[in-house]
Structures are given as structure tokens and as C-alpha cells.
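**Q** In the working numbering, the protein residues as written are 14 to 146.
Cβ coordinates follow ideal geometry from the N, Cα and C atoms, glycine included.
I'd like to ask you about the structure that follows.
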């Protein structure tokens, strides 16, 4: 799947998309994720596409049937509600925590995503940007 598919799905919902700023992560069920409306799509091992853009972080689950982004379930976590974003290295990937005013939203991010070569490049760019802060 090309990253432009993610962009088209987000734009379909009227959510801003920033090319080169999308990664794939596995959601961890948390109170913060539930409060942002991800309750129906935060099962264990559920993959989401996250796009970091000028208005916040958009979250869109991938379909279990075809692996395509599910535009109708897309959610935007606005920048003004994000307190902090942390990423830490783990044995087989990274742990991404988005601290919000409603609680933390946590993701497990692997080094690679099968069928999405843009994930690895974008993850490297985001890690470099986070390191520079």
C-alpha cells in the first residue's frame, strides 16, 4: 500500500494529511484511546496508521479484511490536547506514548511494516526529529 492511500482516506474525512509523516503502530488499549473514540477499534494487536500533521495526530485503523485504511473510523487528536509525545526503544521496536489531556494513547511501533515501505523511512525521519528536540 502506498502512503497516498492513507492521504486520500484522511482527506475523505476532512482531516489534514502530511506526506512523509505516517507510521504504523499497534494500539494498546488505554483510557485515553477510549476517550478519543477509539474504543471500537482498539482491540489487542489492532494496527493503526498515525499521521503527524499541523493540526495534531490523525489515527486511522487498518481493516482486518484487506489491510486498507478505514476512513470512517479516523480520529484526530488535536495539537492543543497533546501534552507530550514520547518514543522509547524496546527490544523489537519502539513504544510510542501520546500524552493527552484525556489520558495516554500508547502504541507499539515495529521497525518495519510489511507492504508499507514508507513506514520505515518515515519512522527514521520522526526519530531524527524527536532526537533534535
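1) Assign residue 42 to one of three DSSP states: helix, strand, or coil.
2) Could you say if the region 72-91 and the region 20-31 meet the contact criterion of at least three C-beta pairs nearer than 8 Å?
3) Under a Cβ-count criterion, where at least 16 other Cβ atoms within 10 Å of its own Cβ denotes burial, should residue 102 be classed as buried or exposed?
4) In its own chain, which residues sit with a C-beta less than 7 Å from the C-beta of residue 107, not counting the 5 before and 5 after it?
5) According to DSSP, simplified to helix, strand and coil, what is residue 125?
6) Can you give me the start and stop residues for the beta strand (DSSP E) that residue 20 sits inside?
7) Residue 40 and residue 54: beta carbons closer than 9 Å?
8) Using the DSSP secondary-structure output, state which residues sit across from residue 64 in a beta bridge.
9) Just how far apart, CA to CA, sit residue 111 and residue 34?
10) Judging by CA-CA distance, which residue of 135, 49 and 64 is the nearest neighbour of residue 117?
11) Please name the residue in 52, 92 and 67 whose C-alpha comes closest to that of residue 73.
12) How many whole angstroms separate the CB atoms of residue 70 and residue 36, which I take to be in contact at a CB cut-off of 8 Å?
13) Please state whether the Cβ-Cβ distance between residue 125 and residue 38 is less than 9 Å.
**A** According to the data block:
1) It is coil, neither helix nor strand.
2) Judged by pairs of C-beta atoms under 8 Å, the region 72-91 touches the region 20-31, as three or more such pairs exist.
3) Here residue 102 is exposed. Its C-beta has fewer than 16 other C-beta atoms within 10 Å.
4) Only 100, 101 and 122 meet the Cβ criterion.
5) Three-state result, residue 125: coil.
6) Not the beta strand (DSSP E): residue 20 falls in the alpha helix (DSSP H), residues 16-25.
7) Cβ distance < 9 Å, so residue 40 and residue 54 count as in contact.
8) Answer is 35 and 71.
9) So the alpha carbons of these two residues sit roughly 15 Å apart.
10) It is 49.
11) Of 52, 92 and 67, the smallest CA-CA separation from residue 73 is found for 52.
12) About 10 Å separates the two Cβ atoms, so there is no contact after all.
13) Taking the C-beta atoms as reference points, residue 38 is found no nearer than 9 Å to residue 125.
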